[in-house]
Every structure is written in structure tokens, then in C-alpha cells.
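**Q**
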Amino acid sequence: MSDTPTKKSDYLIEHEDYTHWEINSGDTSVYARRIPGRFRNIKWTMMAILLIPFFVLPYFTWNGRQAIYFDIPGRKFYLFDITIWPQDLLILALLMLFAFILLFSMTAIAGRIFCGTMCPQTMWTDLMTLTERWAEGSARQRMKLDAMPWNAEKIRKKAFKHLMWITICTVTSVTFLGYFSGIDNAWSKLFTLDYNVYEWVSFWFVFFLFYINTGFVREQICNWVCPYARIQAVMTDKDTITTTYDYHRGEPRGRVKKGQDNSDKGDCVDCNMCVSVCPTGVDIRVGSQIGCINCGLCIDACDDIMTKVGREKGLIRFMSYHELENNLKAGKRFLRPRPMIYMLATAITFTGIMYSLFFKTDLDMNVNHERSPTYTVMSDRTIQNMYHIIILNKTEVASDFTLKVTGIDGITTNYDNKLLKLTSGQAKKIDLLVKVPQKNLSGNRQPITLTVESVGKPKLSKSYESMFFGPGN
Ligand code: SF4
Ligand code: SF4
872 MSDTPTKKSD YLIEHEDYTH WEINSGDTSV YARRIPGRFR NIKWTMMAIL
922 LIPFFVLPYF TWNGRQAIYF DIPGRKFYLF DITIWPQDLL ILALLMLFAF
972 ILLFSMTAIA GRIFCGTMCP QTMWTDLMTL TERWAEGSAR QRMKLDAMPW
1022 NAEKIRKKAF KHLMWITICT VTSVTFLGYF SGIDNAWSKL FTLDYNVYEW
1072 VSFWFVFFLF YINTGFVREQ ICNWVCPYAR IQAVMTDKDT ITTTYDYHRG
1122 EPRGRVKKGQ DNSDKGDCVD CNMCVSVCPT GVDIRVGSQI GCINCGLCID
1172 ACDDIMTKVG REKGLIRFMS YHELENNLKA GKRFLRPRPM IYMLATAITF
1222 TGIMYSLFFK TDLDMNVNHE RSPTYTVMSD RTIQNMYHII ILNKTEVASD
1272 FTLKVTGIDG ITTNYDNKLL KLTSGQAKKI DLLVKVPQKN LSGNRQPITL
1322 TVESVGKPKL SKSYESMFFG PGN
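Start counting at 1 in the sequence shown, then tack on 871, and there's your number in the numbering used here.
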């Protein structure tokens, strides 16, 4: 049935090294069919894993407040028990870095797998096309509806569809706003039309972003707008697995007829099902294309056809260029330098995030030694050093703090017996004067320890190692 595999077949020569950039330029609408299958189930599962938490999490409370809450005016982010302050931006930077490197790893291993299964654009487009199907019917019925002149039926179906789209986009927009201004607040203010200007701008921005992008523009965003599509080529290589048509098996394609000798034909029966289910309008048989988001829906479609015509599944499958070119069953998918470096970087960043989160202190202290002058010899034969200190209370309550300096006999400060009052989130800048009798100094520099500690909560403390400078012996 299949052609004898060749390393450089006519098919490859004809299709320029199996890379032919064919793209739906937007002048035709894509009416993708929906069929059940493995990859459709994966898509539903990923949508459930990612979308349900997005819509549900704002309703969770923790310690009397919204569990996940980005308090922009208060300049802090709440993640359940963890409060992230602007001073903890390293954690947010690490989170962003982690997300990028994870994306690079996924791309190096499996191409645009993120686009096909996890990208918000794809998931919301799936929601919009699902409701479109409820309102207007199958792909064929939608095509006919769009072609027919406006009448009562068309108006009714289109109105129903847009009503569902408006509902999805409104819930999305309010949920998004809920993360920043409180979900109860976001809903109640919507019904009383009481949003402030920032809230209205955010609401309409998110609403139209999803309404236009996922309702109308759809695959054109993936083809033309998304920067990730542009740069993915530098993250992939010939061992990256992508949705691929096995031309060795499939060509020469042709329709099979009962009672006829079909032995001169490949396994592709030219049914066009793989094209008709593709959400981006790609014909994967032409070769790897920028419009392919690696969703695998054409694999489901082709497997279904292969089962029906009694041939082996997998004419379209996930495989690398090397597997295809050499007609191999499997290649080095993970044990290659590129994905290994990306995975190592992902693991390191993830460890950094975990460390930063679990060893995050609720008290911060920044110490700068005054250098001009480094020390002053006082008239009472003591040496004085000045330290500029910033103390930040990152707890949710106001507290009194003591500031002690130890390390040299007879050490005293202008904050001995004083209490520092810090409200929640308050940063206090102080000039600390530290004095030591000259006779107690054993060199021109000696280590000291500065410790700030909450009164009544000794666990809430922070220490800083510094140096005390003097004239020497
Ligand atoms: S060609 Fe296949 S994998 Fe690529 S976007 Fe279309 S259906 Fe998805
Ligand atoms: S679904 Fe399979 S058999 Fe049908 S046209 Fe596509 S590749 Fe050929």
C-alpha cells in the first residue's frame, strides 16, 4: 500500500524540503467541523483544568479576604496565605521567567503544543465556536446560513449567537476585573453601572479583546498577530515533534472505489476531513505550516477515516522531521541539548520560585553604611558610625519593633530603649548612630549584627551583618 520510503523523495523535492508556508490570509472564513476523538478530549480536559480555576478562584476566600487578589492601590498581591509586596518583585520576575522558559521547553519538544491546547485565544475561540454551533448548527449549516440573504431565521440565529458571545465575554471581563477590584464588587458595580474610569476601561478592553479576537478574527490572530508564532522557528529543530502527514504512506493520494484495484495509491483517500476540521484552515498534507497550532484535531479526523477504510491509524501523527525523513518510528524527543537546557532552566527557575515563596520573610531590612565620613571620633573618646536603614513591615498588622546592635562590648545606639511603630506595609527610613568606646575596638573594622525584632513576636525578626569602622590601634 505504501510507497517504498526514500530519504529524499519526489514529494520532498516538490515541496521544498517539506516546508511550505501556506496560510489562510483571512479572505475566506474557516468553518471547522467538530468531531470526537483523542485530541478533542485532550482539548476539553485542558480547558477544564485551566478555565474552571480562572472563573471559580475569585470566589474563594482566605483569612476573611479574596484568596487571589491583586490589590493595585495597596500595591500587594494576595495568593492564599502569601502576600507579595512590591519588594518581592523578584518572585513575580521569576514567575514570568519560568512561564517563558516552560513555553520554550514545550516548543522545543512539541512545537506549538501550547497554542493548540493551552493558549487563551484558542480556548476562548473553542468556547465561541461551540456556542456558534449551538446557535447556527454544523459547519455546513453555518456556511449556508452565512450565504443566505437576511431573513427572520438568520436574524434569530445570529442574535442568539451574539447573546451567548456577549454573555461569555461579560463573564470573562467581570472575572478578570474581580481579580483586581474584588469579585463581589465587580459584579455589583456592573449592575449599578458604578465602575470608576479605570474599571470601565479594563472592562471594555477585555470584553472587546475576547469578543473581536475569538469571535471574529480567530485563527488570523495565530497567523498574523501572535509574536510567539513568529519566534517559534528559533526554538524548534528537526527533532521537534509536530503534527505531520506521513507522505511515505499517504502518497499518491486518491479516492478508493470498491471493486477497483487501488494498489497504486497511497493510504490517503483524499477525503479532505483533515482540512475540514482544522480550526486554522490548514491542509497539513502540504507540509509544516505557520498556521498549524498543533492541536491534533486533524489526527482525530484522519484516524477516524483510516478506521472506516480499514487502514492503520496514524497517517497524520505527531512526529519529527527526522522521523519523517528517515521513516523512523521514534526519535530523540527529550534527550537533545536544546530541550535538556530548557528543562534544566525551567527546573532551576521553579526551585528559585519555591525557595523565594517558602523562605519569604514578613520583615525586610536594608542597611547602608555612611561612607562620608566612615567614622567620627567623638570628644568622649568613643567612635561613632552612621547607618541608613529602611525597615519594612510586610505583615497584615501594625507592630512595635526594637532595633538592637551587638558584636562589640559597650556598643550603644540612638535607638536603644526606643520602639519603632510600623503599620502594615509601612517602610520606615532611619539614621542609626552606633557608638563604641575606642578602647574596646581591636582593629580598624569589626563585624556587628543589627537585629530588628517585633515586640511580643520574636519570630518576626530580621538580622543584618555589617561592619563597624574605627581608626585602629
Ligand atoms: S493542521 Fe491539524 S494540528 Fe494543525 S491546526 Fe490544523 S487541525 Fe490542528
Ligand atoms: S483525513 Fe487522512 S485520508 Fe482524509 S484527506 Fe486527510 S490525510 Fe487524507
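Ideal placement from N, C-alpha and C gives every residue a C-beta, glycine not left out. All values derive from a computational prediction rather than experimental measurement.
Please work out which residues of its chain come closer than 7 Å, Cβ to Cβ, to THR1114, disregarding the five sequence neighbours upstream and downstream, and give them in chain order.
**A** ILE1155, CYS1163, ASN1165, GLY1167, CYS1169, ILE1170, ILE1187, PHE1189
**Q** For ligand 2, is there a heavy atom less than 8 Å away from the beta-carbon of ILE1187?
**A** yes
**Q** Cα-Cα, which of ASN1056, PHE1340, TRP1071 is closest to GLN1317?
**A** PHE1340
**Q** Going along the chain, which residues of its own chain have a beta-carbon closer than 6 Å to the beta-carbon of THR996, five neighbours each way excluded?
**A** THR1085, ARG1089
**Q** Go to MET967, then tell me how far its beta strand (DSSP E) extends in each direction, as first and last residue.
**A** Looking at the DSSP string, MET967 is not in any beta strand (DSSP E); the run it does join, the alpha helix (DSSP H), is 960-981.
**Q** So the alpha helix (DSSP H) MET1345 belongs to, where does it begin and stop?
**A** No information on residue 1345 is available, as it lies outside the stretch 872 to 1344 that the chain covers here.
**Q** Going by DSSP, what residue range makes up the beta strand (DSSP E) through ARG1188?
**A** 1187-1191
**Q** Considering just the uninterrupted stretch of the alpha helix (DSSP H) at MET1144, what are its terminal residues?
**A** For MET1144, the uninterrupted alpha helix (DSSP H) segment begins and ends at 1144-1147.
**Q** With distances taken Cα to Cα, identify the nearest neighbour of ASN1315 among GLY1053, PRO1329, LYS1292, GLY1343.
**A** Residue GLY1343 is the option with its Cα nearest to ASN1315.
**Q** Between the Cα of HIS1240 and those of SER1227, MET1257, LYS1032, spot the shortest distance and give me the residue it belongs to.
**A** MET1257
**Q** Which runs of the alpha helix (DSSP H) spanning at least 4 residues fall entirely within the segment 1068-1156, listed in chain order?
**A** Taken in chain order, the unbroken stretches of alpha helix (DSSP H) that lie wholly in the segment 1068-1156 and span 4 residues or more are 1068-1083, 1098-1102, 1118-1121, 1144-1147.
**Q** For ARG1011, does the count of other Cβ atoms within 10 angstroms reach 16, so buried, or fall short, so exposed?
**A** exposed
**Q** Please look up how many angstroms separate the CB atoms of ARG1209 and ASP1108, rounded, as I've assumed it's under 8 Å.
**A** 6 Å
**Q** Once you ignore the five residues that flank ALA1018 on each side, which residues in its own chain have a CB closer than 8 Å to its CB?
**A** none
**Q** Would you kindly work out how many angstroms separate the C-alpha atoms of ASP1235 and ALA1216, rounded to a whole number?
**A** Taking the straight line from one Cα to the other gives about 28 Å.
**Q** For VAL1323, I'd like the list of residues in its chain whose CB is within less than 6 Å of its CB, leaving aside the five on either flank, ordered along the chain.
**A** MET1236, ILE1262, PHE1272, LEU1274, LYS1333
**Q** Helix, strand or coil: how does DSSP classify GLN1160 here?
**A** coil
**Q** Helix, strand or coil: which one does DSSP assign to ILE913?
**A** Secondary structure at ILE913: helix, using DSSP grouped into helix, strand and coil.
**Q** Run the CB neighbour count on GLU1194, radius 10 Å, all protein chains shown included, and call it buried at 16 or more, exposed below.
**A** buried
**Q** If we ignore side chains and look at the alpha-carbon of each, how far apart do VAL1072 and ILE1083 end up?
**A** So the alpha carbons of these two residues sit roughly 16 Å apart.
**Q** Could you pull the DSSP bridge partners for PHE941 from this structure?
**A** Residue pairing from DSSP places PHE941 in a beta bridge opposite PHE948.
**Q** Comparing alpha-carbon positions, which option in ASP1055, GLY1296, PHE1081, LEU1048 lies nearest VAL1068?
**A** Comparing Cα positions, the closest option is LEU1048.
**Q** Ends of the beta strand (DSSP E) at ASP1271?
**A** 1270-1277
**Q** Is the segment 1135-1146 in contact with the segment 1116-1125, if contact means three or more CB pairs nearer than 8 Å?
**A** yes
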